[in-house]
Amino acid sequence: MYKMSLKELRLKLKADNEIYREYKSYIEDLLRNENVKMMNRYRHHYFTTCLDHCLNVSFYSYMICRYVGLDYVSAARGGLLHDLFLYDWRTTKLSGGKHAFRHPDIALENAVKVFDLNEIEKDIISKHMWPLTIKPPKYNESFIVCFVDKYCASVEFGQGMIANIKHRI
Numbered sequence: 001m002y003k004m005s006l007k008e009l010r011l012k013l014k015a016d017n018e019i020y021r022e023y024k025s026y027i028e029d030l031l032r033n034e035n036v037k038m039m040n041r042y043r044h045h046y047f048t049t050c051l052d053h054c055l056n057v058s059f060y061s062y063m064i065c066r067y068v069g070l071d072y073v074s075a076a077r078g079g080l081l082h083d084l085f086l087y088d089w090r091t092t093k094l095s096g097g098k099h100a101f102r103h104p105d106i107a108l109e110n111a112v113k114v115f116d117l118n119e120i121e122k123d124i125i126s127k128h129m130w131p132l133t134i135k136p137p138k139y140n141e142s143f144i145v146c147f148v149d150k151y152c153a154s155v156e157f158g159q160g161m162i163a164n165i166k167h168r169i
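In terms of the UniProt record's numbering, the sequence shown opens at residue 1 and continues consecutively.
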């Protein structure tokens, strides 16, 4: 199954599309921030940058939460900031544990330094790696972002693996 990147989605959705404009209005202040822009420097899952991954998670979470009547603004914003850890996880050695377990807390620390976050957004960031991290999400929006994150990561890894296989043939 092919997953469309946000860049491709922007091409498909015309600039006058109400849903896309609404989504963008909720995250555009975040996208102007230098720390958020820095996520584009780090490769995350094969060929997907950390920023592109977070945009994918943010948009799909926004759409699902909007459809089911949850706080889609918090889902969009928390989804965009969920991996704001700002280092190359392949080469950086963390004290106090491995990246998979530590980066949600690091992302939350980075996010609260720069943005005023509500409780749902904080929970989204700190719990997005559940069940690896012990405490489960507190809010429905956090569960949705958590599962959308796993879906997007799986698709991104799958696309990368297929590209690697094709490259070797």
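All C-beta atoms, glycine included, are put in the ideal place defined by N, C-alpha and C. Computed from a prediction, not measured in an experiment: that's the story for all the values here.
For residue i and residue j, I'd like the C-alpha separation in whole angstroms.
i, j, result
"residue 22", "residue 93", "39 Å"
"residue 134", "residue 154", "21 Å"
"residue 51", "residue 119", "22 Å"
"residue 110", "residue 96", "17 Å"
"residue 20", "residue 131", "31 Å"
"residue 158", "residue 152", "10 Å"
"residue 61", "residue 148", "6 Å"
"residue 29", "residue 150", "26 Å"
"residue 55", "residue 142", "16 Å"
"residue 112", "residue 24", "21 Å"
"residue 170", "residue 107", "Limits of the chain in this structure are 1 at one end and 169 at the other, which puts residue 170 out of reach."
"residue 53", "residue 116", "22 Å"
Along the chain, where does the alpha helix (DSSP H) that runs through residue i open and close?
i, result
"residue 174", "The chain is shown only over 1 to 169; residue 174 falls outside these bounds and no answer can be derived."
"residue 124", "119-127"
"residue 79", "72-81"
"residue 25", "18-31"
"residue 37", "34-38"
So who's on the other strand from residue i, going by DSSP bridges?
i, result
"residue 43", "49"
I believe residue i touches residue j by the beta-carbon criterion, under 8 Å. Please report the beta-carbon distance rounded to the nearest angstrom.
i, j, result
"residue 104", "residue 123", "No, residue 104 and residue 123 are not in contact; Cβ-Cβ is about 10 Å, not under 8 Å."
"residue 114", "residue 35", "6 Å"
"residue 49", "residue 40", "5 Å"
Going by beta-carbon coordinates alone, are residue i and residue j separated by less than 7 Å?
i, j, result
"residue 27", "residue 144", "no"
"residue 58", "residue 31", "no"
"residue 140", "residue 70", "yes"
Is the CB of residue i under 7 Å away from at least one CB in chain B?
i, result
"residue 112", "Any reference to chain B falls outside this structure, which holds one protein chain only."
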